[in-house]
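Following: one structure in structure tokens, then a few remarks.
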Amino acid sequence: MKMKMKKLKLVPKIFIITTTILFASIYIASSIINRKRILWPDILLTILMWSAISALFFYSCINSDLGCLIIRLIGNASWVGLIYYLALYDQFNFLNIFPVAYILLLILLLGNILSFILTISVLIIPFVQNERNLDGKRAHRRELININARKSKIALIIVFVLLIPFTILLIPNLWSIPITIIPKDYKADLAFWSGFDKFQPNETIGNNLNEHSVTIVMCNFPDCYNITELAEFVSVMTKWNTTYNNISFYLSIPGLPGGYVWDGVAENVVDYSKHIISKIQHYNLTNIKGLAFDLELPFPDFLPENYDLTPNRTRHDEAIKIFEDFLNWKEINAPDINISAINYIDSAVDVFDNDLDLHYIRKYHFFDVAGWDEYAPMVYRCACWGTRPYGDSPKQGIIAKYIDGGHYWVYSQLKLFTDAHDLKFGTREKMDIYLGITNCTCYGADVRQYESGEFTGYGYDNLVRDTLIAKHFRIPKITIFLLNTSLERGYSMGGVFESYGNSFLDDFNESINGKDSTNPFTIWYKPRLNLLFSVGAVEYFFYDLFADIDSLFGVLYVAILIIGSYAVIKIISSPADK
């Protein structure tokens with residue numbers, strides 16, 4: 019019985035080491051493999067952080083004092099949460115796509131749950147059993163504290179050395195790595211996102227938009243299947259065409275069910291798009307130049323009960339064909355209508371290894387459909403968080419410091435996107451980006467902004483610099499989110515004119531396209547910490563490599579980690595554990 023208990027105590031250590039090394043090795047490997055696509059400070063910090071995490075949990079597994087047991091509990095709980103998020107969360111669940119990887123992670127999940135329970139038992143059961151036995155209680159305490167001193171010192175030295183990256187993150191402006199931005203000399207096209215009901219500009223703003231020949235991407239427009247709503251839609255668009263004949267419009271097509279365009283609604287989206295194109299042509303709505311597909315995960319609340327939301331390879335591949343057939347139809351029947359695909363930078367990752375891992379898992383189409391007229395990732399650096407209604411300065415608080423990412427985050431996102439776009443198409447003519455959210459946090463009109471510890475102006479100044487970073491990469495079209503103010507969760511996502519003044523467009527166009535717009539300027543590296551203890555774009559490549567364990571190699575690798583963890587623990591366990 020005593021021998022069985024000792025063997026049972028090995029289980030928590032085996033699973034904590036196995037899971038830690040699995041995640042750490044995938045992070046480190048994905049960083050090194052893609053070192054040409056990820057800037058080196060992000061790679062270095064990610065490697066150091068995961069090395070530190072590994073050293074900490076490794077230390078907890080070669081000793082059995084109270085502190086190590088608590089670290090082990092935290093580790094098991096963390097890995098249970100991480101595995102749930104990666105493999106079981108309903109929006110990412112990939113049983114239908116990567117069954118081998120799914121089963122391997124399920125084993126690790128159950129192992130970490132069991133480890134958590136067993137570690138608690140090691141803490142509690144002996145004390146309960148020896149409650150009336152003072153000698154036994156003392157003996158158990160001595161067993162827990164009996165640590166091999168030399169090994170402990172070595173492990174602690176490793177831990178403290180590898181905790182350097184966390185220290186670095188806590189010291190503001192320690193990393194002073196300059197990056198020179200050289201905006202290219204061309205006129206960037208400007209576009210804005212707006213709701214149909216919110217585009218009711220006064221004469222001054224309407225004429226200003228018309229003067230600069232902007233494009234407006236409209237969501238929530240009337241249901242064109244409904245005769246009454248269609249009549250209203252045609253009337254409004256005709257009036258705008260007469261009043262503001264230089265303004266172009268794109269219509270954001272809804273995906274039903276789910277709200278956004280994802281692989282489960284491809285047929286409905288295409289049918290509705292063809293219907294709208296026919297109405298555009300019939301009523302001669304020449305100011306409507308295109309349709310926009312907002313490719314995102316669906317809202318579960320917008321789906322019927324028990325709707326299958328899990329990723330599905332067959333469904334996804336069928337959706338690719340549906341979209342490509344539609345694009346071929348459009349080229350023949352409506353060549354003047356453009357289709358803009360709106361998505362995220364992480365879709366670029368699949369271009370580099372030429373597989374569809376992330377597209378399959380996330381259920382949307384971007385680079386896997388080659389015929390979109392525009393590829394427009396959302397680079398929303400400034401989000402709604404902090405003090406309502408406009409958020410906080412990026413200088414305030416831990417979250418603000420390490421979530422914003424500064425100008426460097428925009429730079430790194432666009433570098434990754436343009437690298438993928440160049441590899442896929444050999445040209446940047448189809449590129450568009452979305453910058454936002456205006457008047458929130460780092461784009462807040464009255465929120466003081468800082469770069470490398472120095473005051474650099476207000477939100478408008480940040481918006482200008484981020485747009486010039488896009489011109490550094492020769493991106494021909496920049497879409498600003500958003501044109502008119504929208505309230506959400508008590509936050510004000512500010513319309514550009516309401517936020518920055520009625521002269522916004524004149525000033526902004528001069529700032530990004532005027533005579534001084536090509537002047538070089540310097541931005542500074544600023545780490546952007548991700549949910550899974552990585553920095554910058556490393557997390558995108560982690561997901562992609564993570565999916566590759568769906569193979570015989572993945573089975574062998576996890577098996578080797580389990581066997582190796584057992585062997586290492588047996589070799590270096592302290593006397594108290596033997």
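Taking my numbering, the leading residue of the sequence shown gets 19, the next gets one more, and so forth.
Backbone N, C-alpha and C fix where the C-beta goes; we use that ideal spot for every residue, glycine too.
Every value quoted in this text rests on a predicted model; they were computed, and no experiment measured them.
Quick one, are the C-beta atoms of residue i and residue j less than 8 Å apart?
i	j	result
LEU358	ALA310	As written in the sequence, residue 358 is Ser, which differs from the Leu given in the question. In this structure, ALA310 lies closer than 8 Å to SER358 by Cβ.
LEU227	TYR204	no
TYR268	THR304	no
LEU106	THR36	no
VAL287	GLY273	yes
TYR102	LEU113	no
ALA394	ASP450	yes
ILE182	VAL556	no
ASP368	PHE341	no
LEU41	LEU91	Sequence check: residue 41 is Phe here, not Leu. No, Cβ-Cβ distance for PHE41 and LEU91 is not below 8 Å.
ASN527	GLY213	no
ASN130	PHE210	no
LEU57	SER430	yes
VAL140	LEU87	yes
PRO275	PRO318	no
SER529	VAL482	yes
TYR452	ASN480	no
ILE89	TYR543	no
Between the options, which has its C-alpha nearest residue i's C-alpha?
i	options	result
TRP258	TRP347, TRP58, GLY273 and ILE306	ILE306
TRP68	LEU87, CYS79 and TYR45	TYR45
HIS490	ARG507, GLU472, ARG446 and SER521	ARG446
VAL573	ILE35, LEU123 and ALA42	LEU123
LYS202	LEU563, THR436, PHE217 and ILE493	ILE493
PHE344	ASP371, HIS293 and ILE590	HIS293
TRP403	SER510, LEU549 and ASN346	SER510
GLY554	SER529, ASP364, SER504 and PHE515	ASP364
LEU441	ASN372, SER291 and ILE498	ASN372
ARG399	ASP335, THR332, LEU547 and GLU336	LEU547
PRO240	VAL252, HIS230, SER231 and GLU229	VAL252
GLY93	LEU132, PRO117, ASN111 and PHE116	LEU132
SER270	TYR290, ASP281, TYR77 and GLY282	TYR290
LEU315	LYS381, TYR468, THR536 and TYR362	LYS381
GLU229	PHE473, ILE589 and ASP524	ASP524
PRO407	ASN361, MET396, GLU336 and GLY508	GLY508
GLU285	GLY424, LYS433, GLU336 and VAL576	GLU336
ILE590	LYS448, THR246, ASN330 and SER78	SER78
SER552	PRO538, LYS31, PHE435 and SER43	SER43
Secondary structure at residue i, three-state DSSP: helix, strand or coil?
i	result
THR38	helix
ASP69	Position check: residue 69 holds Ser in this sequence, whereas Asp was assumed. Looking at SER69 - three-state DSSP - the assignment turns out to be helix.
THR503	coil
ILE89	helix
ASP354	coil
LEU162	Low per-residue confidence applies at LEU162: pLDDT is 47, beneath 50, and the placement is therefore not dependable enough to give any value.
SER583	helix
LEU113	coil
PHE145	Low local confidence applies: a pLDDT of 46 at PHE145 is under 50, so the model's placement there is unreliable, and no value is given.
LEU152	In this prediction, LEU152 has a pLDDT of 47, which is less than 50 and means its spatial position is unreliable; what the coordinates show is noted afterwards. Note: LEU152 maps to helix in three-state DSSP.
VAL387	coil
VAL369	helix
VAL288	helix
GLU597	The chain is shown from 19 up to 596; residue 597 falls before or after that span and cannot be answered.
TYR262	coil
ASN480	helix
Can you pull the DSSP bridge partners for residue i?
i	result
ILE197	ILE541
ILE496	LEU208 and ILE451
GLY277	GLY273
THR256	Answer is none; THR256 lacks a bridge partner.
TYR393	ALA359 and MET449
ILE306	PHE267
GLN467	GLY475
SER510	LEU505
VAL235	TRP211 and TYR268
ASP375	ASP375 pairs with nothing; no bridge assigned.
PHE311	ILE271 and ALA359
TYR398	GLY454
VAL140	DSSP lists no partner for VAL140.
LEU547	VAL553
Could you give the C-beta distance for residue i and residue j, rounded to a whole number, given that I count them as a contact under 8 Å?
i	j	result
ILE496	TYR426	Not really, about 18 Å apart at Cβ, beyond 8 Å.
ASP484	TYR476	About 13 Å separates the two Cβ atoms, so there is no contact after all.
GLY454	ILE498	7 Å
SER96	LEU563	At roughly 20 Å, the Cβ-Cβ gap does not stay under 8 Å, so SER96 and LEU563 are not in contact.
ALA388	THR459	In fact, because the Cβ distance is near 36 Å, the residues do not count as touching under 8 Å.
ASP312	VAL279	6 Å
ASP375	ARG333	No, ASP375 and ARG333 are not in contact; Cβ-Cβ is about 16 Å, not under 8 Å.
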